[in-house]
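The letter at position 26 of the sequence shown is residue 40 when you use this note's numbering, and the numbering goes up by one with no holes. One structure below.
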Amino acid sequence: MFSDQIQISNLTLVNSPSWFVHPIYSSNITIKGLTILAPVDSPNTDGIDPDSCTNTRIEDCYIVSGDDCVAVKSGWDEYGIKFGKPTQHLVIRRLTCISPDSAVIALGSEMSGGIQDVRVEDIIAISTQSTVRIKTAVGRALPNITGINYRDVVATNVTYSAKLEGISNAPFTGICISNVSIQVSEQRKKLQWNCTDVAGVTSNVSPNSCQLLPEKGKLGCPFPNDKLPIENVQLKTCSLKNVF
């Protein structure tokens, strides 16, 4: 908690009773090369949970979990609202996740302090319940969900393409989905896109999305071109040599 310049790298972590890696109120964090292993039927075994953290890089990790592989958080209920420290400037890349009962990446559900500027790329999801899940609850804080972009996604053996449920009188806006190919399974849901109280656009998406996300021809949803400061930090390694 309340730490700066953290490096966690090249470790194997096994069978935590709860969340494995949980930095709180911290900044300038590099988490790289972790192997995290939990039974897929064990609850609350999140892999990595940046919580009200700024300028964080998570990359080259392999996670097997009974819960979310990466869960982005920022405080719980009234305490999180009062403290008011968002998780922001987070990059996640080259992550492989196995989580049959949860998500590769979750935003929330404890996110009362807010979440902004999250960048995710080069992800492999194997036998996951969902890829990206934004967890919201009016009682924890009425969320303002906007500027959510998905692009360049290939998925196979999918039962449910997308469930996008905003909040009545507070719809989720600015959603962009482009260049997405979803191959549905024989056990697929009849309704592949379930959309309520959302607004945005799609381009080159299969199967076709819902009416609230109309097709806009050739469109590439934007991904930030600038680098976060943490991306320029070089990973340091050290070793201990025994002398007899």
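Ideal Cβ positions, reconstructed from N, Cα and C, are used throughout, including at glycine.
{"query": "Using a Cβ distance threshold of 8 Å, determine whether the segment 122-136 contacts the segment 85-101, with at least three qualifying pairs required.", "result": "yes"}
{"query": "Using a Cβ-Cβ cutoff of less than 6 Å, which residues in the same chain neighbour Glu135 once the five nearest sequence positions on both sides are dropped?", "result": "Arg107"}
{"query": "Looking only at its chain, what residues have a beta carbon closer than 6 Å to the beta carbon of Thr70, apart from the 5 residues adjacent to it on each side?", "result": "Ile43, Pro64, Leu104"}
{"query": "According to DSSP, is Ile22 helix, strand or coil?", "result": "strand"}
{"query": "Just tell me which of His36, Gln201, Gln102 has its CA closest to the CA of Tyr174.", "result": "Gln201"}
{"query": "Buried or exposed for Gly180, please, with buried defined as at least 16 other CB atoms from any protein chain shown within 10 angstroms of its CB.", "result": "buried"}
{"query": "Kindly list the residues whose CB is nearer than 6 Å to the CB of Val28, restricted to its own chain and excluding five residues on each side of it in sequence; keep chain order.", "result": "Leu51"}
{"query": "If you drop the 5 nearest sequence neighbours on each side, which residues of the same chain put their C-beta closer than 6 Å to that of Ser223?", "result": "Trp207, Thr216"}
{"query": "Using the three-state DSSP reduction, which class does Phe97 fall into: helix, strand or coil?", "result": "helix"}
{"query": "For Ser55, which three-state DSSP category applies?", "result": "This sequence places Asp at residue 55; Ser is not what is there. Residue state, collapsed to three classes: coil."}
{"query": "Based on DSSP bridge pairs, tell me the residues matched to Thr160.", "result": "Thr187"}
{"query": "Ends of the beta strand (DSSP E) at Asp211?", "result": "That residue, Asp211, is in no beta strand (DSSP E); it is neither H nor E in DSSP."}
{"query": "Do Ile112 and Ser144 have their C-beta atoms within less than 7 Å of each other?", "result": "no"}
{"query": "Bridge partners of Arg147, per DSSP?", "result": "Ala120"}
{"query": "Distance, Cα to Cα, Gln102 vs Ile22?", "result": "19 Å"}
{"query": "Can you tell me whether Leu25 is buried or exposed? The criterion is at least 16 other CB atoms within 10 Å of its CB, across all chains shown.", "result": "exposed"}
{"query": "With a 10 Å radius around its C-beta and 16 neighbouring C-beta atoms as the bar for buried, classify Glu229 as buried or exposed.", "result": "exposed"}
{"query": "Starting from Ile45, trace the beta strand (DSSP E) in both directions and tell me its first and last residue.", "result": "41-46"}
{"query": "For the candidate residues Ile137, Val118, Cys252, whose alpha-carbon lies nearest to that of Ile148?", "result": "Val118"}
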